[in-house]
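With the first letter of the sequence shown counted as 1, position 155 gets the number 412 in this note's numbering; the numbers rise by one all the way through.
Here a beta-carbon is modelled for each residue, glycine too, at the ideal position from N, C-alpha and C.
Owing to the predicted nature of the structure, the values given are computational and were not obtained by experimental measurement.
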Amino acid sequence: MSKIEGIPILSSEGSVLAIPMFILHHLQNSAQQHRIVSISIHRLKVSDMDRRRFIQTATIAGSSIAILDHTTLLSEDNQREQKPLSLARNPIVISTWDFKLPVNETAYGILNKGGRLLDAIQASINLVEADPTVTSVGHGGYPDRDGRLTLDACIMDEHGNAGSVACIENIMHPISVARCVMEKTPHVLLVGDGALQFALEQGFKKENLLTDQARAAYQEWLKSDEYKPPVDEKNHDTIGLLAMDTEGNLAGGCSTSGMAWKVHGRVGDSPLIGDGLYVDNEIGAATSTGLGEACIKVAGSFLVVESMRHGKSPAEACQIAVERVVQKQPQYKDIDDFLVGFVAMNKQGEVGALSYRKGLQYSLCKEGVNKVFDADYLIK
Ligand code: SD4
258 MSKIEGIPIL
268 SSEGSVLAIP
278 MFILHHLQNS
288 AQQHRIVSIS
298 IHRLKVSDMD
308 RRRFIQTATI
318 AGSSIAILDH
328 TTLLSEDNQR
338 EQKPLSLARN
348 PIVISTWDFK
358 LPVNETAYGI
368 LNKGGRLLDA
378 IQASINLVEA
388 DPTVTSVGHG
398 GYPDRDGRLT
408 LDACIMDEHG
418 NAGSVACIEN
428 IMHPISVARC
438 VMEKTPHVLL
448 VGDGALQFAL
458 EQGFKKENLL
468 TDQARAAYQE
478 WLKSDEYKPP
488 VDEKNHDTIG
498 LLAMDTEGNL
508 AGGCSTSGMA
518 WKVHGRVGDS
528 PLIGDGLYVD
538 NEIGAATSTG
548 LGEACIKVAG
558 SFLVVESMRH
568 GKSPAEACQI
578 AVERVVQKQP
588 QYKDIDDFLV
598 GFVAMNKQGE
608 VGALSYRKGL
618 QYSLCKEGVN
628 KVFDADYLIK
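Printed below as a string of structure tokens:
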């Protein structure tokens, strides 16, 4: 079999074409317009081409060509699996709320240079965790009813790996510890003292993260001494972030100090895989914000991703999850400021967000431009 020079691609008639680079760039742009996830081109022998793997046909620039899915075919050189030459696409980053920080832009910048999803997600979330003016994540977060600031975070990559920490204290960057749990242990979730001990072993520093402002707010709350977990504009700004890299892979992360004045030891949805965050690189990703207990009871982010698996758009999938919450737990409807909401992205790079009541915002960075949007909501 003679070698095929250049980049081969199978036409709809079954013949092999060699495509010059400028046409590949054109295809890349067209593919994005047509919402094709990615075009992966492999160097291979004609005899290795398995047409069953050419699963999607699209008409681009007037000619019908076959688009390869993310399958790996045998290479010409050594007959073993070879990384496909994927055509780059623009990254997409979506996150909960508007933190008035370059959250999405940071991840976008890393991904746009070909950086790793986990590095991008971690860098963005680290920004929010380190900002003492954000009273619901990391440094500056409001404490529990005993005055202790406990943090929850998780991360999930494009391979389905996951790591998380819950109820960890005195560590500025729980998302980074969650990543270490994922990468350096056979476990998924470490909690409390064990999580702290692990973080210190990994070289993280113990710090006082309770700011004067948070302490003053706590003192104020103590005066009323009424335990009623509020979910309002001031205390539900968990950062949940989903990103798609230049190859169309998806990953996400989530970090929070949880609900202000919670019972010591309380863990919300944010560090729980399937609740605060879920990623299935074949389908899509979702993250949640609001009353964690409500989300946990319906495995919210998993439900969003499963709904996308069954053909729903990200917005429809978020609506299904919010509706499920109040169908199954109607008592939440009676809480004045009850809020639960989801943000999602599918494998095609489409996004959606929806919350129970008005108020959820999300930030979306596409083609290098970040914009803040008001999410749709169920109760009009
Ligand atoms: C939790 N869902 O701990 C989190 C906190 C939050 O926006 O308020 N998220 O319940």
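- Ranked by Cα distance from LYS480, the options HIS396, TRP518, GLN459 and VAL350 are led by TRP518.
- Remark: C-beta atoms of TYR589 and LEU611 do not approach each other more closely than 8 Å.
- Rounded to the nearest whole angstrom, the CA to CA distance from LEU507 to ALA542 is 7 Å.
- The segment 590-603 and the segment 556-567 touch, with three or more beta-carbon pairs separated by less than 8 Å.
- VAL438 counts as buried, since at least 16 other C-beta atoms from the protein chains shown sit within 10 angstroms of its C-beta.
- Per DSSP, GLN618 is one residue of the beta strand (DSSP E) stretching across 618-623.
- Annotation for ASP450: the continuous alpha helix (DSSP H) segment containing it runs 449-458.
- Spatial neighbours of VAL629 in its own chain (CB-CB distance under 7 Å, excluding positions within 5 residues in sequence) are listed in chain order as ASP355, GLN618 and SER620.
- Rounded to whole angstroms, the Cβ separation of GLY509 and LEU499 is 4 Å, and the two are in contact under 8 Å.
- The segment 394-402 and the segment 363-378 do not touch, with fewer than three beta-carbon pairs separated by less than 8 Å.
- Between the ligand SD4 and GLY549, a heavy atom-to-CB distance of less than 7 Å is present.
- When beta bridges are read from the DSSP output, LEU499 appears opposite ILE351 and GLY509.
- Taking the C-beta atoms as reference points, GLY522 is found no nearer than 8 Å to PHE559.
- Between ASP631 and ILE496, the alpha-carbon positions lie close to 16 Å from each other.
- Taking the Cα positions, PHE461 is about 7 Å away from ILE428.
- Approximately 7 Å separates the beta-carbon atoms of ILE425 and THR407; this is inside 8 Å, confirming the contact.
- Check the Cα spacing between VAL626 and each of THR513, TYR365 and GLN605: the tightest is with TYR365.
- Assigned with DSSP and collapsed to three states, THR363 falls in helix.
- DSSP places GLU550 within a helical segment (H, G or I) once states are collapsed to three.
- For ASP388, the distance from the CB to the nearest heavy atom of the ligand SD4 is not below 7 Å.
- Distances from the CB of SER612 to the heavy atoms of the ligand SD4 are all 7 Å or more.
- With contacts defined by Cβ atoms closer than 8 Å, VAL422 and ALA452 form a contacting pair.
- Of all alpha-carbon atoms in VAL524, GLN605 and VAL434, the one lying nearest the alpha-carbon of GLU539 is that of GLN605.
- The closest CA to that of PHE595, considering only VAL608, GLY616, CYS575 and GLN576, is found on GLY616.
- Taking C-beta separations shorter than 6 Å and ignoring five residues to either side along the sequence, the partners of TRP478 in its chain run TRP518, following chain order.
- In this model, ALA551 and SER352 are separated by some 20 Å (Cα to Cα).
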